[in-house]
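A.B. asks: Have a look at the structure that comes next, please.
Chains as they are written, first to last, in the numbering used here: chain A, 1 to 148; chain B, 1001 to 1226.
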């Protein structure tokens, strides 16, 4: 069993194609509000977990640290996240960058989706735009996306 | 994940995507993509290594200076050799009347509870099956491995989710028995190759395949290359 074998199994899967690539120029990073969006199916213990093929999102409170992964896929190492949440969700590192003035501010809320979806229409047409609108309402300038 | 990058960018939010699989990054082509050749499940590379994680973040945020879509790669890869395995003490046999896998799971309960406390339950059981019910969930897979039709074995939920809880139970227990961040997949290999329950899960997976169970029902019981 090797990580390279698992990657090879999924490398050839067709990805979503976009005719054009949207491109937004952010403010300087030192003035930007930064949020995390992960597809690691993270949620707080008191939130609903992610069902298989769940295309929704969960809002993660940046003032908490009780994040658990509800991802159903067996094709990722979970021990790294278990040992150190920043391996997947580097919120402590963002806080440090904000303290150093490298980034302007860390968002109060972040988002989690479930990756490894076979049908991305719901994400592309529904929960993705809804999550983006929520981030916009909160003045988010930059999003760092992390997979699992 | 790169699909979300397109959607968020179209909504006026600049994005940077950490990507684990180069081909998938290139296929979906996010506005700003950084391919990090790290093991799946570790997009920041090294647990417990803030300096390394900051290097990854610096490389990612540097892409915000680009004036057009950009995809590049992080300058250091982390290879998984495919053979590193945790060395964990196993509980002694306690109940000779119990199946060895069930006895083993019961014997690991104290370590699991310590692991949950240590990791704040980040990768704990509980998606479908709580820790108290892990032994009975294992019994269902034992029945499948011994010939019971998978639909009649009493799996307490969707097989892939139940199996994930069993694996999480074991790997969380393992983390309590080592004093370092394990190499990627080392605790999974330990579970599948060194424990009685790992043997059961592999046997049940094969049995379900032989029973012509729908492919997703058996395939996702373990990592796909097993």
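All C-beta atoms, glycine included, are put in the ideal place defined by N, C-alpha and C.
Look at the alpha carbon of residue 1028 (chain B) and the alpha carbon of residue 14 (chain A), and state the distance between them as a whole number of angstroms.
C.D. replies: 8 Å
A.B. asks: Please classify residue 65 (chain A) as buried or exposed, where buried requires at least 16 other C-beta atoms within 10 Å of its C-beta.
C.D. replies: exposed
A.B. asks: Starting from residue 61 (chain A) and walking both ways along the alpha helix (DSSP H), at which residues does that stretch end?
C.D. replies: Element bounds for residue 61 (chain A): not the alpha helix (DSSP H) but the beta strand (DSSP E), 57-61.
A.B. asks: Chain A partners of residue 1229 (chain B), CB-CB under 8 Å?
C.D. replies: This structure does not reach residue 1229 (chain B), given that chain B is present from 1001 up to 1226, and the question cannot be answered.
A.B. asks: Show which residues of chain A have a CB atom less than 7 Å away from the CB atom of residue 1042 (chain B).
C.D. replies: 77, 80, 87
A.B. asks: Please confirm whether residue 34 (chain A) and residue 106 (chain A) have their CB atoms less than 8 Å apart.
C.D. replies: Contact: yes.
A.B. asks: Rounded to a whole number of angstroms, what is the C-alpha to C-alpha distance between residue 1004 (chain B) and residue 1105 (chain B)?
C.D. replies: 39 Å
A.B. asks: Do we get a CB-CB distance below 8 Å when we pair residue 115 (chain A) with the residues of chain B?
C.D. replies: Nearest CB-CB separation between residue 115 (chain A) and chain B: below the 8 Å threshold.
A.B. asks: So residue 145 (chain A) and residue 1020 (chain B) are in contact, right, with Cβ under 8 Å, and what is the actual spacing, rounded?
C.D. replies: With 8 Å as the limit, residue 145 (chain A) and residue 1020 (chain B) do not qualify as a contact, their Cβ atoms being about 11 Å apart.
A.B. asks: Whole angstroms are fine: how far does the CA of residue 68 (chain A) sit from the CA of residue 1045 (chain B)?
C.D. replies: Distance between the alpha carbons of residue 1045 (chain B) and residue 68 (chain A) is about 19 Å.
A.B. asks: By the three-class DSSP mapping on this structure, what secondary structure does residue 1044 (chain B) have?
C.D. replies: coil
A.B. asks: Pick helix, strand or coil for residue 17 (chain A), following the three-state DSSP scheme.
C.D. replies: Three-state result, residue 17 (chain A): coil.
A.B. asks: Quick check: the region 1181-1193 of chain B against the region 1125-1135 of chain B, are there 3 or more CB pairs under 8 Å?
C.D. replies: no
A.B. asks: Under 8 Å, Cβ to Cβ, is there at least one residue of chain B near residue 106 (chain A)?
C.D. replies: Not a single CB atom of chain B sits nearer than 8 Å to the CB of residue 106 (chain A).
A.B. asks: Out of B:1142, B:1006, B:1084, state which residue places its alpha-carbon closest to the alpha-carbon of residue 1099 (chain B).
C.D. replies: B:1142
A.B. asks: Grab the span of the alpha helix (DSSP H) containing residue 1101 (chain B) for me, first residue to last.
C.D. replies: Run containing residue 1101 (chain B): 1100-1107, per the alpha helix (DSSP H) assignment.
A.B. asks: What does residue 59 (chain A) reach in chain B if we use C-beta pairs closer than 9 Å?
C.D. replies: Chain B residues near residue 59 (chain A): none, gap ~15 Å exceeds 9 Å.
A.B. asks: Would residue 126 (chain A) count as contacting chain B if we go by Cβ distances under 8 Å?
C.D. replies: no
A.B. asks: On the CB-based measure, 16 or more other CB atoms within 10 Å of its CB, does residue 61 (chain A) come out buried or exposed?
C.D. replies: exposed
A.B. asks: When burial is assigned at 16 or more other CB atoms within 10 Å of the CB, is residue 1136 (chain B) buried or exposed?
C.D. replies: exposed
A.B. asks: Let me see if you follow: with CB-CB separation under 8 Å, is residue 4 (chain A) close to chain B or not?
C.D. replies: yes
A.B. asks: Output the residue ranges of the alpha helix (DSSP H) runs that lie fully inside the region 45-109 of chain A and measure 4 residues or longer, sorted by chain position.
C.D. replies: Secondary structure in the region 45-109 of chain A: the alpha helix (DSSP H) runs of 4 residues or longer, each lying completely within the stretch, are 79-83, 91-99 in chain order.
A.B. asks: Hey, would you say residue 87 (chain A) sits closer than 8 Å to residue 1189 (chain B), going by beta carbons?
C.D. replies: no
A.B. asks: Mind checking the region 129-144 of chain A against chain B and listing, in chain order, the residues whose C-beta falls within less than 9 Å of any C-beta there?
C.D. replies: 129, 131, 132, 133, 135, 136, 140, 141, 142, 143, 144
A.B. asks: Count the other C-beta atoms from every protein chain shown that fall within 10 angstroms of the C-beta of residue 1093 (chain B), then say buried if there are 16 or more, exposed otherwise.
C.D. replies: With fewer than 16 Cβ atoms within 10 Å of its Cβ, residue 1093 (chain B) is classed as exposed.
A.B. asks: Here's the rule: buried if 16 or more other CB atoms are within 10 angstroms of the residue's CB, otherwise exposed. What is residue 150 (chain A)?
C.D. replies: Since the first and last residues shown for chain A are 1 and 148, residue 150 (chain A) lies out of range.
A.B. asks: With three or more beta-carbon pairs closer than 8 Å as the criterion, would you say the region 1029-1039 of chain B touches the region 45-54 of chain A?
C.D. replies: At 8 Å Cβ cutoff, the stretches do not touch.
A.B. asks: Which of helix, strand or coil does DSSP assign to residue 1022 (chain B)?
C.D. replies: Residue 1022 (chain B): helix per DSSP, three-state reduction.
A.B. asks: Identify the contact partners of residue 1053 (chain B) in chain A, using a Cβ-Cβ distance below 7 Å as the criterion.
C.D. replies: Ordered by position in chain A, the residues that pass the 7 Å Cβ test against residue 1053 (chain B) are 86, 90, 93.
A.B. asks: State the beta-bridge partners of residue 1034 (chain B) as determined by DSSP.
C.D. replies: B:1018, B:1072
A.B. asks: Any beta carbon from chain B within less than 8 Å of residue 15 (chain A)'s own beta carbon?
C.D. replies: yes
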